[in-house]
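First the structure, in the form of C-alpha cells, and then the observations on it.
Protein chains: 2
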Amino acid sequence: MRGNVAKKLQEPKSASSPASRSYRIEEQVGYLLRRAHQRASAIFQVGIGDPNITPTQYSSMVKLNEYTELSQNLLGRLVGMDKATMQGVVRRLKERGLVDSRPDPGDARRTLLSLTTEGQRLVNKLLINGPAVSRETMKPLTAQEQRQLLELLSKIV
Amino acid sequence: MRGNVAKKLQEPKSASSPASRSYRIEEQVGYLLRRAHQRASAIFQVGIGDPNITPTQYSSMVKLNEYTELSQNLLGRLVGMDKATMQGVVRRLKERGLVDSRPDPGDARRTLLSLTTEGQRLVNKLLINGPAVSRETMKPLTAQEQRQLLELLSKIV
DNA sequence: CCCATATCGTTCGTGTACGCACGATGGCCA
DNA sequence: TGGCCATCGTGCGTACACGAACGATATGGG
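Quick mapping for you: the protein sequence lines, in order, are chains A and B.
Mapped onto my numbering, the consecutive letters of the first sequence carry residue numbers 132 to 288.
Mapped onto my numbering, the consecutive letters of the second sequence carry residue numbers 132 to 288.
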C-alpha cells in the first residue's frame, strides 16, 4: 500500500498562537500513556495464551490465586479497579466458571470470591506466559531503560 | 476511615510454585500502564476545564485545530484511534456542534472533518490548561525523570 | 474497459472504566 | 440502645477500544 500519510496533507497551521510554545499532543504524558497502554493490551492479547482473557481479568485471577479468598471490593482495590468495573469483570469470570462466590459469613454486605479449580488451572497456565508478555512489551528498551520505566511508572501511579 | 487494607487479609500463598521467581502483577509494565493511564485520565478530567470533554475528544480537536481539515480515517491514524472508535468520538463531537463534516469532493468514500467556530473557541480555551494537566500528572517526578519518562514512553508506543 | 483488490466509513458485539444513585448492612457514639 | 454515617454490592448511563462484517467507492493491471 505504501500509504504515505503525509501525501495530501496541508501544512499544519503551526506557529498559530504566540503563547503556545509548541504544545504537541504527541509529547504529552496522557497521550503517550494511552498509546502505550493500547500497545501493551494488544501484545497481551496475542501473547498470554488465551484470547478470551483480558488484562483486567488476568490481574484479578492472579490476585485471587495469591490470596485464595477476597471480597469483591478488596480485590478491586488490590488491582486498581472501580467497584462498578469490578462487578462486570467478576460477573464474566463467574459466567465462565473461573471464579466462585459465597456470602461472607461475618459480614452480610460482602461477597467472598475465589478461583474455581478450573480457574486455578487456567491462571497457572497463563502465568507461564506473563513474563514473555512483559518482555515483548518492553522489547524496544535496553535492560536499564526497562528498569527505569518500571520505576518511573510506579511513581506516578 | 483509616482503612487498613491489610487488616483481615490472609497471607498471600507466596513461594507457591518453584518456577515462579516472584512474578508480581504490580511490577508488570502492562499493569502499571493501565494504572498510570487511569490516573492521567482522572487528572485530565478535573484539570482541562470542561468536564464533558474526554482525553480522546481533546486529542482529536487539537489535531483538527492544527490541520484545519482531515478525513476521519487520517485523523484516527494521527491520534492513534481505531476507525470504529473514531466513529464514536466524531459522532459525539458533531452532536455537540464542535465538529463539522462534508463529503470529500475528490473521493466519495471520505468524510472531511473540521472544527466549527465553537469548536475552535473551545479547543483554544482548553489548550491553555493542557500544560498544567501534563505537569500535574508528572508531579511526583523530577524534571529529569519527566524527560526520561516521555522518552521511554515514546519508544514503546 | 473490467475486475480483483484496497480503502473508507458504519454497525454490531464485547469488554473496560467510572460517576451516580440505590438498598442493605455494619460500626460507632451520644 | 437508637440513630447517624460509612461500606458493600448492584444497576444505569456514558464513553473509549477494537475485531469482524458490510456496502460503497477507488485504483491499478491485464
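Positions of the beta carbon are idealized from the N, C-alpha and C atoms, including for glycine.
Subject >> Simplified DSSP state of B/Leu201, which is helix, strand or coil >> reply: Of the three classes helix, strand and coil, the one that applies to B/Leu201 here is strand, per DSSP.
Original post:
Quick one: any contact between the segment 191 to 203 of chain A and the segment 240 to 259 of chain A, if contact means 3 or more CB pairs under 8 Å?
Top reply: Counting Cβ pairs under 8 Å, three or more are found: they touch.
Original post:
Between the C-alpha atoms of B/Glu267 and B/Ile174, what's the straight-line distance to the nearest angstrom?
Top reply: Taking the straight line from one Cα to the other gives about 7 Å.
**OP:** Note down, in chain order, each residue of its chain lying with its Cβ closer than 6 Å to the Cβ of B/Thr187, except the 5 sequence neighbours on either side.
**Re:** Listed in chain order, the non-local C-beta contacts of B/Thr187 below 6 Å within the same chain comprise Val220, local neighbours out to five positions each way being set aside.
Original post:
Exposed or buried, which one is A/Asn135 when buried takes at least 16 other CB atoms within 10 Å?
Top reply: Bear in mind that a pLDDT of 37 at A/Asn135, under 50, signals an unreliable position, so the number given afterwards is only what the model happens to contain. Flag for A/Asn135 reads exposed.
Original post:
A/Gln279 touches chain B at which residues, Cβ-Cβ below 7 Å?
Top reply: Chain-order list of chain B residues neighbouring A/Gln279: Gln279, Leu283, by C-beta distance under 7 Å.
Original post:
Sorted by chain position, which residues of the same chain lie with C-beta nearer than 7 Å to A/Met217's C-beta, five sequence neighbours on each side aside?
Top reply: Cβ within range, chain order: Gln203, Leu206, Gly207.
Original post:
So with Cβ pairs under 9 Å, would you call B/Thr248 a contact of chain A?
Top reply: So, not an interface residue.
Subject >> Residue range of the unbroken beta strand (DSSP E) whose run includes B/Pro234 >> reply: That run of the beta strand (DSSP E) goes 230 to 234.
**OP:** Could you run through the segment 152 to 165 of chain A and flag, in chain order, every residue whose CB is less than 7 Å away from some CB of chain B?
**Re:** Going along the segment 152 to 165 of chain A in chain order, one finds Tyr154, Ile156, Glu158, Gln159, Val160, Gly161, Tyr162, Leu163, Leu164, Arg165 with a Cβ nearer than 7 Å to chain B.
Original post:
Between B/Pro234, B/Asp238, B/His168, B/Leu244, which lies nearest to A/Gln159 when the distance is taken from Cα to Cα?
Top reply: Each of B/Pro234, B/Asp238, B/His168, B/Leu244 was checked against the Cα of A/Gln159, and the nearest Cα belongs to B/His168.
Original post:
At a CB-CB cut-off below 8 Å, which residues of chain A make contact with B/Ser245?
Top reply: Think of a sphere of 8 Å around the beta carbon of B/Ser245: no beta carbon from chain A falls inside it, the nearest being about 11 Å out.
Original post:
From what residue to what residue does the alpha helix (DSSP H) around A/Ser245 run?
Top reply: Careful: A/Ser245 lies outside any alpha helix (DSSP H), inside the beta strand (DSSP E) at 242 to 246.
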